[in-house]
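Asks: Take this structure first; my questions come after.
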Amino acid sequence: MRDARADVRRPVGLRLWLSGGWLSLLTLAAIFAPLIAPQDPLAQDLFLGRLPPFWESGTEPGFYLGTDSLGRDVLSRILYGARLALIVALVAGTLTCLIGATLGLIAGYYRGWPDRIISRFVDIWMAFPPVLFSILLIAVLGPGLVSIIIAIVIIDWTRFARVIRAEAISQGAMDYVASAQVAGRTKFGTMLAEILPNVLPTIVALLTLEMGIAVIIEAILSFVNLSISTDSPTWGGMISEGRISVHQAWWVLVFPLITLFLTVLSFSQLGEGLKDRFDPVLR
Amino acid sequence: MMYQIRDLHLSLPDMTRKPILGHAPQMNILKGLSFDIPKGAVLGIVGGSGSGKSTLGRAMVRLLEPTAGQIMFDGKDISHASEDELRPLRKRFQMIFQDPMSSLNPRRRVGGIIAGPLRLHGVDVSGKVDEALEMVGLPRHFATRYPHELSGGQRQRVGIARAIALRPDFILADEIVSGLDVSSQAQVLNLLEELVRDLGLTLAFISHDLSVIRRLCSRVIVLRNGEIVEATETVKLFDTPQADYTKELLQAIPLPDPGQTWT
Ligand SMILES: Nc1ncnc2c1ncn2[C@@H]1O[C@H](COP(=O)(O)OP(=O)(O)OP(=O)(O)O)[C@@H](O)[C@H]1O
Ligand SMILES: [Mg+2]
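Right, dumping it as structure tokens:
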């Protein structure tokens with residue numbers, strides 16, 4: 001009677017370790033930025049302008065990754081920029097997921113008129129060009145953290161709604177749903193207790209992906225100067241400033257770019273890693 | 284009487300012929316079925332593919348609502364009862380599904396799957412899961428497994444364990460052995476026979492395979508295109524089949540010796 005199928009132990013994925021490690025590191029750095037940042041990220045000193053990173057000659061102690069043309073410390077600005085990037089990722093990602101996944105789940109599981117209303121709404125919503133829409137929105141709301149978050153939610157909730165709806169439709173056709181009804185579970189109870197655990201892996205994968213996308217959107221909006229005011233450092237803002245002086249001081253552009261890249265990559269890999277580790281059903 | 288079914292009609296919208304605008308035409312799937320299932324009986328329901336067996340079964344456990352006619356369960360008319368009215372009755376009739384891969388939630392452990400209906404009806408779960416596993420011949424430690432970690436026959440046993448855990452009066456079994464190989468088929472059928480005897484169950488057993496019905500059932504109804512073409516005792520069905528369709532079905536049973544006949 002005993003076979004080995006239940007004994008297969010899954011290796012703790014390298015993917016999960018690397019992506020989770022980088023994001024944990026970044027989160028700690030963001031939380032403790034005031035303690036660990038070597039310099040004031042806003043302090044300008046024209047005598048310290050365009051200092052190269054520590055391994056090159058002509059550096060000053062305490063400016064590990066160099067300074068920009070105004071003499072602001074690149075490392076400290078990256079650390080403070082992580083605060084904003086992570087807040088946007090977390091808040092915008094979670095809100096987008098909650099709104100989109102809830103509507104998608106209801107539409108896909110209940111079908112009928114809730115589905116007709118929600119699906120129609122999603123179709124109309126997607127007819128707007130999203131980037132134009134968000135730029136317009138920020139122009140109306142004014143730049144700021146809240147505007148960015150709202151813009152991201154408004155653009156991206158439809159992605160969740162569509163994917164989760166399709167998933168809920170296919171799960172709803174399974175006999176375990178009929179079986180729950182035979183057992184006397186309410187329709188709503190079945191949605192939460194039976195369907196939700198089965199769409200959860202998809203939700204988590206989309207959520208982490210969305211967090212990465214939120215970081216990118218925030219960077220793009222900072223890049224075109226539509227994000228937070230210039231006195232809080234953002235990665236997008238740094239990239240935009242670094243671009244101008246890339247021939248004289250490449251480090252101003254390259255370090256925030258690498259940080260951004262690693263962060264977005266980690267978010268997208270985190271979802272896969274979590275699935276490998278925690279989803280009981282291997283596919 | 285466990286079940287009294289009178290002139291049962293059921294139609295579903297035929298989505299394949301739905302015009303772009305307007306409603307899909309109704310397709311009559313069950314066309315006036317009447318039969319009884321006495322308490323303690325084992326009724327076989329046979330018929331070819333698409334004859335409406337599953338639809339009838341799903342109507343009996345009220346996963347589907349009949350378009351017309353009556354379904355009486357233990358004297359109560361449940362034909363149009365709402366889900367709220369049905370809930371107290373639900374623990375008295377259960378269903379075992381054809382495909383356990385689909386009917387067992389893949390992200391729940393076996394223990395949770397069996398305990399689910401018990402918890403819903405406020406039954407004290409302690410010990411019941413072990414007991415149900417034991418009754419279907421699975422070791423206790425299977426409670427912590429996921430469905431995909433079991434073999435096909437073991438999965439079907441979990442489906443049976445879930446159905447009997449509530450100690451229902453009636454169980455509907457829809458083609459529960461057709462996905463299994465011959466030896467697991469025999470095991471599952473033995474198990475079902477035992478359970479019917481020990482628990483005093485009333486059983487409706489849907490199958491397209493008459494040889495399976497012959498072992499298990501005391502009475503048979505033969506379904507074709509949503510109509511009953513023959514309803515009789517199993518012995519009589521095999522000895523003196525009346526309807527031509529029944530004779531066709533009988534001829535389709537593979538015999539060990541080509542020269543041999545069933546009679
Ligand atoms: N949801 C549905 N919508 C429309 N038609 C359906 C639906 N479900 C079943 N049917 C049709 O009803 C008829 C009877 O189907 P049913 O599943 O009851 O057959 P069955 O006797 O169980 O067949 P099988 O032995 O293949 O399981 C078929 O013609 C089928 O196409
Ligand atoms: Mg069927």
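The listed protein sequences derive, respectively, from chains A and B.
Here the working numbering is used: the first residue of the first sequence is 1, the next is one more, and so on.
Here the working numbering is used: the first residue of the second sequence is 284, the next is one more, and so on.
Don't be surprised by glycine CBs; every beta carbon is placed ideally from N, CA and C.
Where does methionine 265(B) fall in DSSP's three states?
Replies: Because residue 265(B) is not part of the residues shown, which for chain B are 284 to 546, the question remains open.
Asks: Taking tyrosine 528(B) as part of the alpha helix (DSSP H), name the residues at either end of that continuous run.
Replies: From DSSP, the alpha helix (DSSP H) with tyrosine 528(B) extends over 527-534.
Asks: Using the C-alpha atoms, what's the distance from arginine 165(A) back to serine 134(A)?
Replies: Rounded to the nearest angstrom, the two C-alpha atoms are 25 Å apart.
Asks: Using a Cβ-based criterion (distance less than 8 Å to any ligand heavy atom), does aspartate 464(B) qualify as near ligand 2?
Replies: No, since every heavy atom of ligand 2 falls outside the 8 Å radius drawn around the Cβ of aspartate 464(B).
Asks: For serine 360(A), is the beta carbon positioned less than 8 Å from some heavy atom of ligand 1?
Replies: Residue 360(A) cannot be examined here, being either before or after the span of chain A that is shown, 1 to 283.
Asks: Using a Cβ-Cβ cut-off of 6 Å (strictly less than) and excluding sequence neighbours within five positions of threonine 208(A), which residues of its own chain qualify?
Replies: The residues are Phe267, Leu270, Gly271.
Asks: In chain B, which residues lie with their C-beta within 8 Å of the C-beta of serine 69(A)?
Replies: Chain B residues near serine 69(A): none, gap ~55 Å exceeds 8 Å.
Asks: Whole angstroms are fine: how far does the CA of glycine 189(A) sit from the CA of valine 412(B)?
Replies: Answer to the nearest angstrom: the Cα atoms are 22 Å apart.
Asks: Nearest to glutamate 167(A) by alpha carbon, out of Thr263(A), Asp175(A), Ile203(A)?
Replies: Nearest option by C-alpha distance: Ile203(A).
Asks: For ligand 2, is there any heavy atom lying closer than 8 Å to the beta carbon of glutamine 353(B)?
Replies: Flag unset: Cβ of glutamine 353(B) not near ligand 2.
Asks: If proline 53(A) and serine 76(A) are in contact, beta carbons under 8 Å, what's the gap, nearest whole angstrom?
Replies: In fact, because the Cβ distance is near 13 Å, the residues do not count as touching under 8 Å.
Asks: I'd like the span of the beta strand (DSSP E) that includes glutamine 381(B), first residue to last.
Replies: Unbroken run through glutamine 381(B): none, as it is neither H nor E.
Asks: Check whether the stretch 446-454 of chain B and the stretch 360-378 of chain B touch, using three or more Cβ-Cβ pairs below 8 Å as the test.
Replies: Yes, since at least three Cβ pairs between the stretch 446-454 of chain B and the stretch 360-378 of chain B fall closer than 8 Å, the two stretches touch.
Asks: Taking 8 Å as the line, does the beta carbon of glycine 330(B) fall inside it for any heavy atom of ligand 1?
Replies: Yes, Cβ of glycine 330(B) sits closer than 8 Å to a heavy atom of ligand 1.
Asks: Within the same chain, show all residues whose beta-carbon is closer than 7 Å to that of alanine 180(A), passing over the 5 residues directly before and after it, in chain order.
Replies: Here the set comprises Thr190, Glu194.
Asks: Kindly list, in the order they appear in chain B, the residues whose Cβ is closer than 9 Å to that of asparagine 198(A).
Replies: Asn388, Pro389, Arg390, listed in chain order.
Asks: If you run the structure through DSSP and keep just helix, strand and coil, what is isoleucine 312(B)?
Replies: Residue state, collapsed to three classes: strand.
Asks: Can you say whether alanine 287(A) is buried or exposed, counting buried as having 16 or more other CB atoms within 10 angstroms of its CB?
Replies: Residue 287(A) lies beyond the residue range present for chain A, which begins at 1 and ends at 283; the question has no answer from this structure.
Asks: Starting from glycine 352(B), trace the alpha helix (DSSP H) both ways and give me its first and last residue.
Replies: It is not in any alpha helix (DSSP H) - glycine 352(B) instead sits in the beta strand (DSSP E) that spans 351-356.
Asks: How would you call arginine 2(A), buried or exposed, if buried means at least 16 neighbouring beta carbons within 10 angstroms?
Replies: Residue placement at arginine 2(A) cannot be trusted, given a pLDDT of 49 that sits under 50; the coordinates are not used to answer.
Asks: In whole angstroms, give me the CA-to-CA distance for serine 294(B) and lysine 314(B).
Replies: Their Cα atoms are separated by approximately 9 Å.
Asks: Would the beta-carbon of leucine 506(B) be found less than 8 Å away from any heavy atom of ligand 4?
Replies: Summarising the ligand content, the structure contains ligand 1 and ligand 2 and does not contain ligand 4.
Asks: Check whether the stretch 403-418 of chain B and the stretch 356-364 of chain B are in contact - that is, three or more C-beta pairs closer than 8 Å.
Replies: The stretch 403-418 of chain B, when compared against the stretch 356-364 of chain B, does not touch it at the 8 Å Cβ threshold.
Asks: Is the beta carbon of leucine 326(B) closer than 9 Å to that of isoleucine 504(B)?
Replies: Taking 9 Å as the Cβ cut-off, isoleucine 504(B) and leucine 326(B) qualify as a contacting pair.
Asks: Tell me, please, whether the CB atom of phenylalanine 380(B) is closer than 9 Å to any CB atom in chain A?
Replies: At least one chain A Cβ lies under 9 Å of phenylalanine 380(B).
Asks: What number of angstroms, rounded off, separates the C-alpha of leucine 482(B) from the C-alpha of alanine 324(B)?
Replies: Roughly 12 Å separates the two Cα atoms.
Asks: For glutamate 167(A), does the three-state DSSP call read helix, strand or coil?
Replies: Helix, per DSSP.
Asks: Out of Gln470(B), Gly436(B), Gly330(B), Ser490(B), state which residue places its alpha-carbon closest to the alpha-carbon of leucine 455(B).
Replies: It is Ser490(B).
Asks: With a 10 Å radius around its C-beta and 16 neighbouring C-beta atoms as the bar for buried, classify aspartate 516(B) as buried or exposed.
Replies: What sits at residue 516(B) in the sequence shown is glutamate, not aspartate. Answer is exposed; the Cβ neighbour count stays below 16.
Asks: Output yes if chain A places a C-beta closer than 9 Å to the C-beta of arginine 377(B); else output no.
Replies: In the sequence on display, residue 377(B) carries glutamine and not arginine. Taking Cβ atoms only, chain A reaches closer than 9 Å to glutamine 377(B), which makes this a yes.
Asks: Please list, in chain order, the chain B residues whose beta carbon lies closer than 7 Å to that of methionine 174(A).
Replies: Correct list: Ser385.
Asks: Run down chain B in chain order and give the residues with a C-beta less than 8 Å from the C-beta of glycine 184(A).
Replies: In chain order: Leu369, Arg370, Arg373, Lys374, Pro400, Leu403, His404.
Asks: Tell me, please, whether the stretch 460-477 of chain B touches the stretch 425-436 of chain B by the rule of three or more beta-carbon pairs shorter than 8 Å.
Replies: The answer is yes - the stretch 425-436 of chain B touches the stretch 460-477 of chain B, with three or more Cβ pairs under 8 Å.
Asks: Please report the distance separating the alpha-carbon of leucine 234(B) from that of alanine 178(A).
Replies: Here chain B has residues from 284 to 546 only, and residue 234(B) is not among them.
Asks: Who pairs with arginine 498(B) in a beta bridge, going by DSSP?
Replies: Answer is none; arginine 498(B) lacks a bridge partner.
Asks: What do you get for lysine 187(A), buried or exposed, if any count of 16 or more other CB atoms within 10 angstroms of its CB means buried?
Replies: The residue in question, lysine 187(A), is exposed, as its Cβ has fewer than 16 Cβ neighbours within 10 Å.
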